[in-house]
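Note that numbering that gives the first Met the number 0 has the sequence shown beginning at 0, numbered continuously upward. Encoded as C-alpha cells, the structure appears first; notes follow it.
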Amino acid sequence: MKSILANTMLLLGILPLHAAHAQVTPTTPIEHVIVIVGENRTFDNLYGVYKPRRGQTISNLLSKGIVKEDGSPGPHFQDAAQNLGGNMGSYTPTPMINGSYMNLPQPYAAGAFGQRRDIPDARFPVAMPNGPFQITSYVSYGAHTGDPVHRFFQMWQQINGGNNDLFVWVAEAIGAGPSNIPPPPGPGRTNQGAIAMGFYNMQAGDAPFFKKMADTYAIADNYHQPVMGGTTANYLALATADVSFYTANGKPAIPPAKQIENTDAQPNTNNWFIEDGYRGGSYVKCADLNQPGVTGIRNFLNKLPYQVFNNGNCAPDTYYMVNNMDPAFSPTGAALELGADKFLLPPQTIPHIGDALSAANVSWKWYSGGRNDGKNVDKEYCAMCDTPSFFASTMNGPDKQKLQDLHQFYVDVKDAKTFPAVSFIAPYDSISGHPGYAVQPSFDQLVSDVLARVQSNPVLWKKTAILVTFDEGGGYYDSGYVQFIDFFGDGTRVPMLAISPFSKRAHVDHTYYDHASILKFIERNWGLAPLSTRSRDNLPNPVTDKANPYVPLNRPAIGDLMNLFDFTRTPVTK
C-alpha cells in the first residue's frame, strides 16, 4: 500500500508519468507545432457573426438567431438577455434571479488606453437593448475599449450553471473585487457597465484576417478556456493541463492570509466579496468545505448528472492559485523575494509540457515578447504569460535557455533543420489583443506575420501546424455550452484555429476541447504519456451523437484536436 505522502504527491501531480523512452519520431506528418496565444476573446466576441462555408454549421450568435447579419437584435435576442442576481452571505456560483435588465447599463472604458475609466464611455449609448451589441456600431475595429472583469469566482457566477445570463450583473455587483474594503456607493461603482456584451461582426468587415483563416483552414467552435478566470491560471493550464498551488520548499503550504480568497458577501451587501482584489486574494483550499466559496461550487458539481474529474481535482491541504500572479523567478532565473505584499507564485513543482518534451528528447522553445527587456514600464513583457518561468525544473536547469524573446523566433524560423518541434508564442503585451491596453487588430497582424514567415520557408511549412487560440475569454459574453470538468472549470469558449497544409479546408469542428487538447495533440503526435495522474490530458476523447455534437456523452471528456486535420490526402501547400 502506498504511503499517504506518496498518494498526496501523486494527486498533486508532483511525480511525472511520461515514459523515459518516449517516441521521438512524430506519429503524423506534423513535425512542428507552433502555438500562438492571444488574450481575452470569447468565441462569440470574435466569431459571433461568422458564416461558415457551404456544408458547414456553427454555433454562434448569428446561427442561434440572437443577432442578425447586420449586428442588430435577431428573433431570439432574448435568449441572451442578462438577469439581475442576488447573493447575500455565503458565496454561490448560481445566484438567485431577481429580474432582468430593462436596458443594458452604459459600458465603461476601464483599462482602455486614452480613455477615462471612472465615468461611462460616452462613445456608447446610455441605454441599449438587453443583449449582445456590436462594438463597431459605435467605435472602430481598432479602438481601445473597456476591459471586462474576468476573475475566477466572478466567472463561475457569470456563467451561472450554463445559463450565461449574469455577465452584466456580476460585473456591476462585484467587478474585479475589493481588497477588504467596504462597497462604494451608487451605480457604476465597479467601472464596468455592460462592456462584457460587446462583439465584433465579421459579416460587416471586422476581423478580416481571422475570417479568412476560418474560410481557408479549420476552426473549432467548441474550444474552451480550462479555468474560470484570467491569464495566469489559464496559461499555466496550457502548459500543464492542471492548476498551480502555493508552495514552500516545493511542498504545499499556507499562503499569506491576505492572498486567500474570501468570496462571501460583506454584511448587508449583495455579492460584494470580503476579499478578492487584484492585489488581494488569489488562493483557495478547495478540498476544505469550510473555506469561503468552496461549498457552493462543490455542491453544484455534486448535482451534475455525471462524475466530475478526479472528484473535483482538489488535493488536501493545498491552496490553489485561481487568479493572477507573476512568477517567483526573474527572466534571467534569479529568485525573487516572496512575502505577504509580493504577489508572486512560489516555484512550481508539477510537471509541464516542456519537462515531458525534454525527457523525450523533443526540442521546444517558449518565445515571449519583451523577454529580453525584463518587466519594463512599457508593459511589453507579460511575465505571467512566460509560463515555464514559474517552474523550478526549468529555471534551475538547462531548459532555461529554451525561454527566449520573440525576436529569436524571427531568426529561428528561417532554418527548418534547427527550428524546434514544439514552440509557443506569447506576444508583446501591446500586440496581444487584450482589451484595454491593446487592440485585436494588432494580434491579427502578429498571427498574419508568423504565418507569412513560416510559409516563406516551404520546407518548414509543409510539415507544420500553427494552432492559434486565446488564453481566456476576458469576461466577454459567450452563448456556448460549458462542460464542468472539476472545481476549476471549464470556462467560456475561446477561438481555436488550426492552420496547416493538413488542416481540413474551411471546416468547423464541433468536438469539445480546452487547452488540455493542445497537450493531448502534442503527446499523441510524439507518443508521450499524460503529464501526471491529475492532469486533464488523461481524459478521454469525446463520444457524441449527431443530435448534439457539442456535448460529450462520456463527460467529462476533452478532444485531442486530431479532428481538425486530414492526414489521408495530399496537403495543399499554398
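The C-beta atom is built at its ideal place from N, Cα and C for all residues, glycine as well. Keep in mind that this is a model prediction, so the values were computed, not measured.
Segment limits, alpha helix (DSSP H) that includes residue i
{"i": "residue 443", "result": "439-454"}
{"i": "residue 46", "result": "42-46"}
{"i": "residue 495", "result": "Premise fails: residue 495 lies in the beta strand (DSSP E), 495-498, not in any alpha helix (DSSP H)."}
{"i": "residue 458", "result": "457-460"}
Top-ranked residue by Cα proximity to residue i, from the options
{"i": "residue 81", "options": "195, 125 and 37", "result": "195"}
{"i": "residue 538", "options": "512, 546 and 563", "result": "512"}
{"i": "residue 130", "options": "466, 87 and 44", "result": "44"}
{"i": "residue 191", "options": "436, 247, 24 and 107", "result": "107"}
{"i": "residue 23", "options": "359, 210 and 421", "result": "359"}
{"i": "residue 32", "options": "221, 569, 543 and 522", "result": "522"}
{"i": "residue 457", "options": "433, 436 and 416", "result": "416"}
{"i": "residue 246", "options": "151, 141, 391 and 264", "result": "391"}
{"i": "residue 320", "options": "268, 309, 252 and 333", "result": "252"}
{"i": "residue 63", "options": "54, 70, 76 and 69", "result": "76"}
{"i": "residue 350", "options": "242, 125, 304 and 369", "result": "242"}
{"i": "residue 448", "options": "469, 412 and 482", "result": "412"}
{"i": "residue 473", "options": "453, 494, 465 and 483", "result": "494"}
{"i": "residue 428", "options": "470, 400 and 421", "result": "470"}
{"i": "residue 229", "options": "490, 542 and 497", "result": "490"}
{"i": "residue 322", "options": "367, 443 and 274", "result": "274"}
{"i": "residue 466", "options": "168, 560 and 171", "result": "560"}
{"i": "residue 149", "options": "141, 139, 160 and 169", "result": "169"}
{"i": "residue 397", "options": "331, 66 and 214", "result": "331"}
{"i": "residue 215", "options": "50, 70, 477 and 482", "result": "50"}
{"i": "residue 408", "options": "446, 394, 441 and 432", "result": "446"}
{"i": "residue 105", "options": "155, 61, 86 and 188", "result": "188"}
{"i": "residue 384", "options": "344, 418, 507 and 395", "result": "344"}
{"i": "residue 420", "options": "357, 531 and 468", "result": "357"}
{"i": "residue 370", "options": "28, 361, 312 and 400", "result": "400"}
Which residues DSSP lists as bridging residue i, in chain order
{"i": "residue 250", "result": "247"}
{"i": "residue 532", "result": "In DSSP, residue 532 forms no bridge with anything."}
{"i": "residue 103", "result": "127"}
{"i": "residue 492", "result": "223"}
{"i": "residue 119", "result": "107"}
{"i": "residue 412", "result": "Answer by DSSP bridge pairing: none, since residue 412 is not bridged."}
{"i": "residue 325", "result": "343"}
{"i": "residue 282", "result": "259 and 320"}
{"i": "residue 635", "result": "This structure cannot speak to residue 635, because the chain is shown only from 0 to 573."}
{"i": "residue 485", "result": "488"}
{"i": "residue 265", "result": "Beta-bridge pairing links residue 265 to no other residue."}
{"i": "residue 133", "result": "198"}
{"i": "residue 547", "result": "544"}
Limits of the unbroken beta strand (DSSP E) element including residue i
{"i": "residue 295", "result": "Element bounds for residue 295: not the beta strand (DSSP E) but the alpha helix (DSSP H), 293-301."}
{"i": "residue 404", "result": "402-404"}
{"i": "residue 522", "result": "No beta strand (DSSP E) holds residue 522; the alpha helix (DSSP H) holding it covers 514-525."}
{"i": "residue 466", "result": "463-469"}
{"i": "residue 507", "result": "506-508"}
{"i": "residue 421", "result": "421-425"}
{"i": "residue 273", "result": "272-274"}
{"i": "residue 540", "result": "Unbroken run through residue 540: none, as it is neither H nor E."}
Residue i CB to nearest heavy atom of the ligand GTP below 7 Å
{"i": "residue 149", "result": "This structure does not include the ligand GTP; it has no bound ligands of any sort."}
Notebook entry, point to check: What are the start and end residues of each continuous beta strand (DSSP E) run of 3 or more residues lying completely inside the stretch 195-247, in chain order?
Noted result: 217-219
Check: Hey, is the stretch 117-136 in contact with the stretch 231-238, meaning 3+ C-beta pairs nearer than 8 Å?
Finding: no
Notebook entry, point to check: If we count Cβ pairs, one from each stretch, closer than 8 Å, do we get three or more for the stretch 508-524 versus the stretch 285-296?
Noted result: no
Notebook entry, point to check: What are the uninterrupted segments assigned as beta strand (DSSP E) that are 3 or more residues long and contained completely in the stretch 329-395, given in chain order?
Noted result: 363-367
Checklist line | Length at least 4, wholly inside the stretch 149-178: the alpha helix (DSSP H) runs in chain order | finding: 151-158 and 166-172
Notebook entry, point to check: If you scan the stretch 30-99 from start to end, which runs of the alpha helix (DSSP H) of 4 or more residues do you find wholly inside it?
Noted result: 42-46
Check: Quick one: any contact between the stretch 437-457 and the stretch 380-396, if contact means 3 or more CB pairs under 8 Å?
Finding: no
Next item on the list: Inspect the CB distances between the stretch 324-337 and the stretch 297-304 and report whether three or more fall short of 8 Å.
Entry: no
Item checked: Cβ pair count under 8 Å reaching 3, the stretch 248-268 against the stretch 450-466 -> no
Notebook entry, point to check: Taking three-plus beta-carbon pairs below 8 Å as touching, is the stretch 550-557 in contact with the stretch 299-312?
Noted result: yes
Notebook entry, point to check: Would the stretch 397-411 and the stretch 107-119 be scored as touching if the rule is three or more Cβ pairs under 8 Å?
Noted result: no
Notebook entry, point to check: So does the stretch 195-215 actually touch the stretch 154-172, counting three or more Cβ pairs closer than 8 Å?
Noted result: yes
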